[in-house]
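These notes concern the structure reproduced below.
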Amino acid sequence: MATERWPTELRLSKDRRSLHVAFEDGTAFDLPAEYLRVTSPSAEVQGHSPAERKTVPGKRDVEIVGVEPVGNYAVKLVFDDLHDTGIYGWDYLYRLGAEQGEKWQAYLDELVAKGLSRDRMR
């Protein structure tokens with residue numbers, strides 16, 4: 001049986017560029033908006049299978065403009081690029097924090113491999 005993670009704090013930074021999440025086991029993470037956006041659990045990003053997962057470029061300057069509760073198990077994050085379909089469960093947020101280094105590096109490697117950039121196309 002998987003361990004259910006429960007947050008004790010969820011706080012959006014004043015500049016809207018990161019989300020602070022603390023859990024009852026004492027672990028806390030500051031998750032950048034860009035990281036949360038490009039790892040969104042939405043079907044738009046993750047697809048309906050691993051083969052459909054998308055690499056999302058151009059989100060270096062994205063901000064979180066809303067944090068909306070979804071029952072007692074998740075939050076929906078609303079980004080200033082109008083993406084708002086990802087439901088971030090507590091376990092998923094914990095995993096994003098715990099695996100941030102490797103997930104972020106994998107994302108950067110994917111960008112390079114696909115000739116994409118973190119910067120928005122102008």
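Residue numbers (full-length UniProt numbering): 1 to 122. Cβ atoms here follow ideal geometry from the backbone N, Cα and C, with glycine treated the same way.
Measuring CB to CB, does residue 75 end up less than 8 angstroms from residue 68? A distance below 8 angstroms separates the beta carbons of residue 75 and residue 68.
Can you find at least 3 beta carbon pairs, one from the region 72 to 87 and one from the region 99 to 107, that sit closer than 8 angstroms? The count of Cβ pairs closer than 8 angstroms, one atom from the region 72 to 87 and one from the region 99 to 107, stays below three, leaving the stretches out of contact.
Per the contact definition of three or more C-beta pairs closer than 8 angstroms, is the region 43 to 58 in contact with the region 23 to 32? Taking a contact to require three or more Cβ pairs closer than 8 angstroms, the region 23 to 32 and the region 43 to 58 do not qualify as touching.
Round the Cβ separation of residue 7 and residue 22 to the nearest angstrom and send it over; I've been treating them as touching at under 8 angstroms. Correct: roughly 7 angstroms between the Cβ atoms.
Jot down the residue ranges of each uninterrupted alpha helix (DSSP H) in the region 24 to 91, minimum 4 residues, whole runs only, in chain order. Listed in chain order, they are 33 to 38, 43 to 46.
So, is residue 34 buried or exposed, given that buried needs 16 or more other C-beta atoms within 10 angstroms? Flag for residue 34 reads buried.
Once you ignore the five residues that flank residue 59 on each side, which residues in its own chain have a CB closer than 6 angstroms to its CB? For residue 59, where only same-chain residues beyond five positions count, the Cβ hits under 6 angstroms are 34, 37, 38.
Could you give the distance in angstroms between the alpha-carbon of residue 65 and the alpha-carbon of residue 82? If you take the alpha carbons of residue 65 and residue 82, they lie about 9 angstroms apart.
Is it the case that the Cβ atoms of residue 108 and residue 117 are separated by a distance below 8 angstroms? Result no, Cβ atoms of residue 108 and residue 117 do not sit closer than 8 angstroms.
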